[in-house]
Amino acid sequence: MSRKYEGLVVLDTKGIDTSVDELVSTVGQLIEAEGGKLDEVKNLGRKTFAHNARQIEGGHYVSYMFHAEPDAIVKIKASLDLNEDIYMHQYNRQG
């Protein structure tokens with residue numbers, strides 16, 4: 337049974353060669369490759385962290401709304417953990 341999820345991804349844009357839009361679409365493609373079906377992508381912009389973690393002052397926040405099977409979330413997390421341009425990601429089930 338497919339469920340609706342919101343994934344909040346914080347991109348580490350420090351020292352990247354590609355544009356933020358390319359990173360956003362790459363993450364969306366990874367979600368779809370692991371079984372998710374994207375509904376909406378909200379680019380929330382760059383925000384400064386409350387404290388300087390890992391020598392990074394801030395990150396680019398993106399919200400992904402998608403449908404996926406519960407076991408697909410584990411696969412999505414594993415794929416995004418391997419991407420060095422992603423600082424943090426978390427997922428919440430909607431409804």
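According to this note's numbering, the sequence shown is numbered sequentially starting from 337. Using N, Cα and C, we set each Cβ at its ideal position, and we do this for glycine too.
Subject >> Residues near Thr349 in its chain [Cβ-Cβ closer than 8 Å; skip 5 each side] >> reply: These residues qualify, in order along the chain: Val356, Leu359, Arg382, Gly395, His396, Asp421.
Original post:
Helix, strand or coil for Ser338 per DSSP?
Top reply: Coil, per DSSP.
Original post:
Which first and last residues belong to the alpha helix (DSSP H) in which Glu358 is found?
Top reply: Per DSSP, the unbroken alpha helix (DSSP H) holding Glu358 starts and ends at 356–369.
Subject >> Under 9 Å between C-beta atoms of Ala404 and Ile392 >> reply: Contact: no.
Original post:
How would you label Gly372, buried or exposed, when you count the other beta carbons within 10 angstroms and need 16 or more for buried?
Top reply: Here Gly372 is buried: its Cβ has 16 or more other Cβ atoms, across all protein chains shown, within 10 Å.
**OP:** Can you grab the Cα-Cα spacing for the pair Val377 / Phe402, in whole Å?
**Re:** Each residue's CA atom was taken as its position, placing Val377 and Phe402 some 9 Å apart.
Subject >> Below-9 Å beta-carbon distance, Met337 vs any chain C residue >> reply: The displayed structure is made up of one protein chain only, and chain C is not part of it.
Original post:
To which residues of the same chain is Ser361 closer than 7 Å at the C-beta, ignoring the five residues directly before and after it?
Top reply: Once the five neighbours on either side are set aside, Ser361 has no close Cβ partner at all.
Subject >> Where the alpha helix (DSSP H) through Ile412 begins and ends >> reply: Ile412 -> alpha helix (DSSP H) spans 406–417.
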